[in-house]
Every structure is written in structure tokens, then in C-alpha cells.
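These notes concern the structure reproduced below.
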Amino acid sequence: MQLLIINPNTSTRVTAAIKTVAERFASPDTHLKVIQATTGPETIRCRHEELLSVPATLECVRAESLGCEGILFACFGDHPAIYACREPL
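At position 71 of the sequence shown the residue is numbered 66 (this note's numbering), and the sequence of numbers has no breaks.
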């Protein structure tokens, strides 16, 4: 199984921490692809920053999700891009 894990902010430190935790709990046959948004806020602390992160997050999902059986948004709450990703990309 291939799982795409996306950090919707641009913090490489946060992405590295997400990857470490995900690898610890993933099944041995699960391939993890852990990425982050390439543009947008470094952290998401409010609704405004959350919305600013949507375009880059959607672009990352479009570019990286081919062949993935699932997508996990590594963020607090329901990121607005989740709803768009439920539509066919």
C-alpha cells in the first residue's frame, strides 16, 4: 500500500517529525510518501493561514497522489483542501 501524507504548511521541521511518527506506526508493507506544501504559510495557526495554504496543498496532492491508495492530511482539524480532494482530481 502507498500512502500520501501531506503537511499543508511549509515547515520542513514539522514534515520531518510527521515522517518519523508515521514510519514508527506504519505496517511493514506500507510505503509512505511524506510531503509538504511548497508555498504558503510556514505554520497554520488561524483560519486565514489555513485558507492561504489551500492552493499549494491541492497542487501537491495533484502532483503526488498518483498510485496512492490513501491521502492523510497531517494537520489539526478539517483542512479545507480535504473537501476539494474528495472530488475527482
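Beta carbons: idealized from backbone N, C-alpha and C, even for Gly.
C-alpha distance - residue i paired with residue j, whole-angstrom precision
i	j	result
Gly62	Gln(-3)	7 Å
Val49	Thr10	17 Å
Glu59	Arg42	25 Å
Ala12	Thr5	13 Å
Ala79	Arg57	11 Å
As assigned by DSSP and simplified to three states, the class of residue i
i	result
Leu27	strand
Ile39	coil
CB of residue i within 7 Å of CB of residue j, strictly
i	j	result
Thr52	Ala69	no
Ile1	Ile30	yes
Cys55	Ala32	yes
In DSSP terms, what residue i is bridged to
i	result
Phe68	Ile1
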